[in-house]
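Chemist: Dropping a structure here in structure tokens format, bear with me for questions.
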Amino acid sequence: MQPPSYPAGHDALFPYRLRESSRARCVGLRVTLQHGLEVVLPKGCNPTVVPDVLRRKQRWIRAALDRLAAHLRVFGPPQPWQLPAQIELPAIGRVWRVEAVETASRRVTIRDAGADCLRIVGRIGNEKACRAALARWLSTQARAHLPPWVRAIGQRTGLYCQRVSVRQQRTRWGSCSRRKTISLNAKLLFLPPELADYVLVHELCHLAEMNHSRRFWELVAEHHPDYGHANRHLRDMWKHLPHWAR
Ligand SMILES: [Zn+2]
């Protein structure tokens, strides 16, 4: 996050950044990762109105800044976008070099280019298209590796699941629904294998115990005795995700 500015005087309740907009029709407030609190003023509007707006909207602003602070604690500060030169999926022990090839194609695609090389092809200057392509690629990898992994754990532990889906949740590694479907986060592939394994076991145990009761943790402990350590480690892993997958 950039340091906030104080353009309209220091008497305001919150530090903010001021922006003028010819399209705005009234004073707008935004809280973003990039700029913190931002006040958007209609063109020609006198900035001396800002402190009063901030005072009236202080509850909303405090709540939004709290959410932002919580996000930063979990995910760390935002990083500028750039294409990854390398992709590592520790859970499956794979590393790829990434080659970027610019073409006029609107769609960005990722193809295998040899054993440990990926080629990202298309309009590679377009961040949104590149992020989407990387997300699709990650989902494909996860769908190939996570369901067989769940089946292998079943053979090892006797914990079986019929329905496994793969998604890209922002703040959960996995979940288990009342309909006995396990949803796994494709980003599990960025974890060390023993930690990803723990998440799969954890969700499989929820098929028997849909809660975090003592019975649930006893069941988990049969397969992962050091689950306390794993839980703490997992909370910290969000900020170690590659920037393109956050
Ligand atoms: Zn749980």
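With this note's numbering, the residue at position 12 of the sequence shown is 1474, and numbering never jumps. No residue lacks a Cβ here, since even glycine has one placed at the ideal position from N, Cα and C.
What does the shell around ligand 1 hold, if a residue joins when its beta-carbon is under 6 Å from any heavy atom?
Modeler: Listed along the chain, these residues meet the criterion: His1664, His1668 and His1674.
Chemist: Alpha carbon to alpha carbon, what distance is there between Gln1631 and Glu1500?
Modeler: 28 Å
Chemist: Can at least three beta-carbon pairs, one atom from the region 1535–1549 and one from the region 1648–1667, be found at a separation below 8 Å?
Modeler: no
Chemist: Taking DSSP as the reference, what is the three-state secondary structure of Thr1633?
Modeler: coil
Chemist: With a 10 Å radius around its C-beta and 16 neighbouring C-beta atoms as the bar for buried, classify Leu1662 as buried or exposed.
Modeler: buried
Chemist: Is Cys1716 helix, strand or coil by DSSP?
Modeler: Absent from the model: residue 1716. The displayed extent of the chain is 1463 to 1708, so no value can be given.
Chemist: For the alpha helix (DSSP H) that contains Trp1611, what are its first and last residues?
Modeler: Glu1589 to Thr1619
Chemist: Count the other C-beta atoms from every protein chain shown that fall within 10 angstroms of the C-beta of Glu1656, then say buried if there are 16 or more, exposed otherwise.
Modeler: Taking every protein chain shown into account, the CB of Glu1656 has fewer than 16 other CB atoms within 10 angstroms, so this residue is exposed.
Chemist: From what residue to what residue does the alpha helix (DSSP H) around Ile1644 run?
Modeler: Looking at the DSSP string, Ile1644 is not in any alpha helix (DSSP H); the run it does join, the beta strand (DSSP E), is Thr1643 to Asn1647.
Chemist: Can you list, in chain order, the residues of its chain with a C-beta nearer than 6 Å to that of Ser1467? Leave out the 5 residues immediately preceding and following it.
Modeler: Here Ser1467 scores only 47 on pLDDT, less than 50, and its place in the model should not be relied on; the value that follows carries that caveat. Closer than 6 Å at Cβ, skipping near neighbours: Arg1479.
Chemist: Which one or two residues does DSSP pair with Asp1574 in a beta bridge?
Modeler: Its beta-bridge partners are Leu1580.
Chemist: Going by alpha carbons, who is nearest to Arg1569 out of Val1493, Ile1549, Arg1598 and Arg1605?
Modeler: Per the Cα distances, Arg1598.
Chemist: Mapping DSSP to helix, strand and coil, what is Val1557?
Modeler: strand
Chemist: Quick check on Leu1551: buried or exposed, where buried means 16 or more other Cβ atoms within 10 Å of its Cβ?
Modeler: buried
Chemist: Taking the alpha-carbon positions, what's the His1702 to Gly1616 distance?
Modeler: The C-alpha of Gly1616 is placed about 29 Å away from the C-alpha of His1702.
Chemist: Can we say the region 1617–1624 touches the region 1515–1531, given the rule of at least three CB pairs closer than 8 Å?
Modeler: Segments in contact, no.
Chemist: For Arg1481, tell me which candidate among Leu1495, Pro1509 and Leu1534 has the shortest Cα-Cα distance.
Modeler: Pro1509
Chemist: Could you tell me the boundaries of the beta strand (DSSP E) in which Leu1480 lies?
Modeler: Start and end: Arg1479 to Ser1483.
Chemist: Do the CB positions of Cys1638 and Glu1671 come within less than 7 Å of each other?
Modeler: no
Chemist: Quick check: what's the CA-CA separation for Asn1588 versus Ala1683?
Modeler: 46 Å
Chemist: Tell me whether Gln1496 sits in a helix, a strand or coil according to DSSP, three-state version.
Modeler: coil
Chemist: So, helix, strand or coil for Gly1506, using DSSP?
Modeler: In this structure, DSSP gives Gly1506 a state outside helix and strand, which the three-state scheme calls coil.
Chemist: By the 10 Å Cβ neighbour count, where 16 or more other Cβ atoms means buried, how is His1674 classified, buried or exposed?
Modeler: Exposed: under 16 other Cβ atoms inside 10 Å.
Chemist: Check this for me: beta carbons of Val1493 and Ala1526, under 7 Å apart or not?
Modeler: yes
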